Structure formats: structure tokens, C-alpha cells
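In this note's numbering, the protein residues as written are 18 to 189.
The beta carbon of each residue, even a glycine, is placed where N, CA and C say it ideally should be.
Please read these numbers as outputs of a predicted model, since none were measured by experiment.
One structure is given below, encoded as C-alpha cells.
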């Protein structure tokens, strides 16, 4: 049996660390500065490559990341692609808890379901707009592999009547 070749897309991600000041407190926030289609990029992850570093903002490039599409996750892709701005979700690990720790991307996906599952485990999930060329290919993949299910309204059960039916007869 021939194995189905599932699409994957090489991407490079620029993560940006920004200093946020609230009164006398300083904290740092991470966000996605750019997601770039990287067809000629390396086959394995490389990074971080420092692009810019200052006291207020630092940017780090990660190359060799891949978005892989799976048939059983097509519904999650479909919901993402239906939104006004489809997103790429980057799931990251932080090696340390200090302010100098740089998030290490370990998963890049366009599935809202998968991103949500990682958010529930308190993973750092960052997002950025889906590049147009990947969006077009993902749309084609979803069209070929997913049929949206028609939602049916179900009849509500009458729990009270069911409980009366299931009671043993009374012995008076």
C-alpha cells in the first residue's frame, strides 16, 4: 500500500522580546515579529540567531521549522482558515524561568485545536499571520481532505420522566 505524502512547509520564525514597564516594575513579553516561508531553508532547526539586541527589544531568528499537515487535523485547519486572519501557532519551551531565557520553538502548526491543547498545559504559544503561499496550499489540502459535518439539532432528553420510569414499583 502506497503511503500518502502529507504536505509540510519550511518556515523561519522571528521571535521578539519586548520590555514592558509598569510603574517601577519591568517585565518582558514575547511575540512573533515575523513568520517567513523558507523553502530553501535547512532541514533541521537552527537558532537562535540574534538579529537585534537592545535593552528594550531583542529579536531572534529560528530557521528549519516545519508546518506539517495531517488529514485527521483538517477540521482544526478549516476553522483557522475561515477566520478573518488565519494564524500560525508556535509552541515554545522556556529552558529557564529568568528574564534571559529565550523560547525554543518545538512545534509550528496551523491547527487551532492543537494550539489550544498546548495552551491548556501552560505552554508558551505565540501566534502570527499565516503567510499567503502556505495559506493557499493549506486551503487546497483542506478542500481535498475534509468534509464539514452538518450540525444536527438533537432532541433534549426529559431526565425527570426517565427517572420516574426507571424507579422500582412502590410496595404499599
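{"Asked": "Alpha carbon to alpha carbon, how far is residue 160 from residue 151? Give it in angstroms, no decimals.", "Found": "14 Å"}
{"Asked": "Per DSSP, which one or two residues make a beta bridge with residue 51?", "Found": "31"}
{"Asked": "Assign residue 18 to buried or exposed, taking buried as 16 or more other Cβ atoms, counted over all protein chains shown, within 10 Å of its Cβ.", "Found": "The predicted model places residue 18 with a pLDDT of 48, which falls under 50 and marks its position as unreliable; any figure quoted below should be read in that light. Per the 10 Å Cβ criterion, exposed."}
{"Asked": "Can you look up residue 172 in the DSSP assignment and give me helix, strand or coil?", "Found": "coil"}
{"Asked": "Using DSSP with H/G/I as helix, E/B as strand and the rest coil, what is residue 58?", "Found": "coil"}
{"Asked": "In chain order, what residues of the same chain have a beta carbon less than 7 Å from the beta carbon of residue 163, not counting five sequence neighbours either side?", "Found": "91, 92, 95"}
{"Asked": "Consult DSSP for residue 66 and reduce its assignment to one of helix, strand or coil.", "Found": "strand"}
{"Asked": "If we count the other Cβ atoms within 10 Å of its Cβ and call it buried at 16 or more, is residue 47 buried or exposed?", "Found": "buried"}
{"Asked": "Residue 121: which of 179, 157, 80, 149 sits nearest, CA to CA?", "Found": "80"}
{"Asked": "Apart from the five residues just before and just after residue 44, which ones in its own chain have a Cβ nearer than 6 Å to its Cβ?", "Found": "37"}
{"Asked": "Assuming residue 159 is part of the beta strand (DSSP E), what are its boundary residues?", "Found": "Run containing residue 159: none in the beta strand (DSSP E); it sits in the alpha helix (DSSP H), 149-162."}
{"Asked": "Among the candidates 178, 32, 72, 173, whose CA atom is the shortest distance from the CA of residue 111?", "Found": "32"}
{"Asked": "Does DSSP put residue 100 in a helix, in a strand, or in coil?", "Found": "coil"}
{"Asked": "I'd like the span of the alpha helix (DSSP H) that includes residue 136, first residue to last.", "Found": "129-137"}
{"Asked": "Tell me whether residue 75 is buried or exposed, calling it buried when 16 or more other Cβ atoms sit within 10 Å of its Cβ.", "Found": "buried"}
{"Asked": "CA-CA distance, residue 184 and residue 141?", "Found": "51 Å"}
{"Asked": "Taking the alpha-carbon of residue 64 as reference, which of 174, 144, 78, 129 has the nearest alpha-carbon?", "Found": "78"}
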